[in-house]
Ligand SMILES: [Zn+2]
């Protein structure tokens with residue numbers, strides 16, 4: 071059921087709630103997306119995080135065809151402690167998991183929620199916009215799948231990075247081609263590649279992905295995920311990947327959903343993408 075507050079103009083609510091949040095190190099920004107009023111923005115026009123979220127949402131929905139929920143809420147915290155508390159209080163993350171997440175993450179996308187840690191208080195520029203786009207992509211995936219952590223984790227992370235760099239490209243701040251190049255250079259000495267074993271079975275679940283990036287380095291693990299998603303999107307098209315996320319609404323079976331959407335099982339894909347990765351790092 072929609073609450074009364076969600077029917078009020080978002081701009082009005084943001085004004086009220088931002089004032090209420092002053093001094094607590096936490097700002098709450100409710101959004102209502104009306105497709106007819108979404109306009110493609112310019113990064114230079116983002117005066118606030120609210121502007122950035124609205125503008126990036128517009129690019130995602132209009133240009134990338136990435137559906138976002140009609141209403142969602144962004145929470146912006148001014149430091150690690152507030153972020154950790156917010157994960158527990160605002161997003162219902164278990165305290166142990168929140169402590170772990172807040173150590174290495176500065177943002178998280180949940181069901182109709184976006185939680186961001188504006189640690190440096192800069193909240194502006196390329197990296198902040200990349201973070202917003204990445205987490206909004208997760209919000210979209212969760213909406214498509216009607217639940218969290220259902221799809222292959224490496225594909226969820228890789229697709230979120232792919233979407234984020236497509237947003238940065240449209241904002242004139244970076245390009246997807248740059249990201250491909252940097253990622254290929256970054257994974258050249260990655261343990262999984264050297265061992266010629268990606269182990270998508272482990273990278274496919276949220277816990278396994280976390281263990282891997284803590285062990286093998288966050289940057290190369292995300293670069294690896296990006297390159298694998300980029301390969302799949304280039305091969306089969308972005309709409310097919312959206313169909314994949316949507317398939318979890320009906321059935322929560324990682325292996326069957328991957329096979330039915332992409333026409334091959336995970337082992338077959340792993341062999342194919344490993345050969346591709348070896349060729350791009352050469
Ligand atoms: Zn992510």
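Numbering (the working numbering), first residue to last: 71 to 352. We put the beta carbon where it would ideally sit given N, CA and C, even for glycine.
Extent of the continuous beta strand (DSSP E) run through residue i
| i | result |
| --- | --- |
| residue 140 | Premise fails: residue 140 is in no beta strand (DSSP E) and is neither H nor E. |
Simplified DSSP state of residue i, which is helix, strand or coil
| i | result |
| --- | --- |
| residue 98 | strand |
| residue 179 | strand |
| residue 243 | coil |
| residue 187 | strand |
| residue 93 | Unreliable placement is indicated for residue 93, whose pLDDT of 48 sits below 50; the coordinate value is still reported in the next sentence. Residue 93 falls in the coil class under three-state DSSP. |
| residue 85 | Model confidence at residue 85 stands at a pLDDT of 37, short of 50, so the residue's coordinates are unreliable; what they give is reported in the following sentence. Helix at residue 85. |
Endpoints, the alpha helix (DSSP H) within which residue i is located
| i | result |
| --- | --- |
| residue 309 | 308 to 316 |
| residue 268 | Here residue 268 belongs to no alpha helix (DSSP H), and DSSP marks it neither H nor E. |
| residue 174 | 165 to 174 |
| residue 327 | 324 to 332 |
| residue 203 | 196 to 215 |
| residue 148 | No alpha helix (DSSP H) holds residue 148; DSSP gives it neither H nor E. |
| residue 128 | 119 to 128 |
| residue 342 | 336 to 351 |
Check whether residue i and residue j have beta carbons under 7 Å apart
| i | j | result |
| --- | --- | --- |
| residue 154 | residue 168 | yes |
| residue 291 | residue 277 | no |
| residue 202 | residue 126 | yes |
| residue 295 | residue 224 | yes |
Inter-stretch contact (C-beta, 8 Å, three-pair minimum) for the region 299 to 310 and the region 227 to 243: yes
May I ask you to verify whether the region 182 to 196 touches the region 155 to 162, counting CB pairs closer than 8 Å and requiring at least 3? yes
Beta carbon shell of ligand 1 at less than 6 Å from a heavy atom: 204, 208, 227 and 230
Tell me whether the region 203 to 217 and the region 127 to 143 touch, counting them as touching only if at least three CB pairs, one residue from each stretch, are closer than 8 Å. yes
contact_flag[the region 325 to 335, the region 250 to 265] where n(CB pairs < 8 Å) is 3 or more: no
Three or more C-beta pairs closer than 8 Å, one from the region 214 to 225 and one from the region 239 to 249: is that the case here? no
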